[in-house]
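Residue numbers (the numbering used here): 289 to 468.
For glycine and all other residues, C-beta sits at the position ideal for the given N, C-alpha and C.
None of these values were measured; they are calculated from a predicted model.
Report on the following structure.
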Amino acid sequence: MDTIGNRMRALRLNQGMTQSEAAQKSGISENYYSRIETGKNSPSLEKLTAIAKTLGVSLFHLLNDRIEEMENRVEIEEVRLCNIFKGIPDHQFQLVEGLIKQAARLRVLLDDNWKDILENGEYEKFSQSETQTPYDRKRPIVENYDNRDKTYQNVIRQLTELLPKDGAPKKNQRSKLLGR
């Protein structure tokens, strides 16, 4: 199966680059680059754009299978959520199918963001100019993660409130849903 990692590796080798060189030119750690090539990490669009530029290809070229893979992950999560919320009465369930799909997409994005945060940390060195001393600032992906997490929790809360009172998930099930 053709994956992002396989395409990255082939392009890198065709250009005679080592993983270390490709990682450095892309502005990421060699370890993270290696984990992307081996399929152990799923990079953000920002990282993929940098890698695509380094390898001299379009972002679409690298995303080709990633889009399909992400949609498959969303479908799996959507089925999981539909099973959890099957207790919602039919007349209401038809109205909330979009919320379930949104929750599934958010969960997949949250998982990918979390992998990036684990690999690259929450903070980065930043300065407005070359003369300014760099300082630690929260990486934008952390803000993105926090906002998506709040939205995900709100969607799950809305769905949970639609369950009949006798069929509502127990507190530990809700925590499990939220990944807590």
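Residue i, buried or exposed, once every other Cβ within 10 Å from all chains shown has been counted against 16
i, result
"A340", "buried"
"T342", "buried"
Alpha-carbon spacing of residue i relative to residue j, whole angstroms
i, j, result
"R445", "I316", "37 Å"
"R393", "Y433", "13 Å"
"C370", "L301", "44 Å"
"E407", "I372", "31 Å"
"F348", "I405", "24 Å"
"V384", "V396", "19 Å"
Whether residue i touches residue j by CB criterion (8 Å)
i, j, result
"A310", "Y320", "no"
"S314", "I429", "no"
"L447", "I388", "yes"
"Q382", "L450", "no"
Sequence-distant residues of its chain with Cβ nearer than 6 Å to residue i (five each side left out)
i, result
"E325", "G293, M296, R297"
"K413", "P422"
"M289", "Any reading at M289 must be qualified, since the residue scores a pLDDT of 47, below 50, and its modelled position is unreliable; no value is offered."
Cβ shell of residue i (< 7 Å), same chain only, five flanking positions each side left out
i, result
"S330", "D400, K403"
"G455", "With a pLDDT of 46 at G455, under the threshold of 50, the modelled position of that residue is not reliable, and the figure given next carries that caveat. Counting only Cβ-Cβ distances below 7 Å, and skipping sequence neighbours, we find G375."
Opening and closing residue of the beta strand (DSSP E) in which residue i lies
i, result
"E412", "411 to 414"
"K426", "423 to 426"
Beta-carbon proximity list for residue i, same chain, < 8 Å, skipping 5 on both sides
i, result
"L398", "Y433, R436, D437, Y440, G467"
Residue i: first and last residue of the uninterrupted alpha helix (DSSP H) it sits in
i, result
"L299", "292 to 302"
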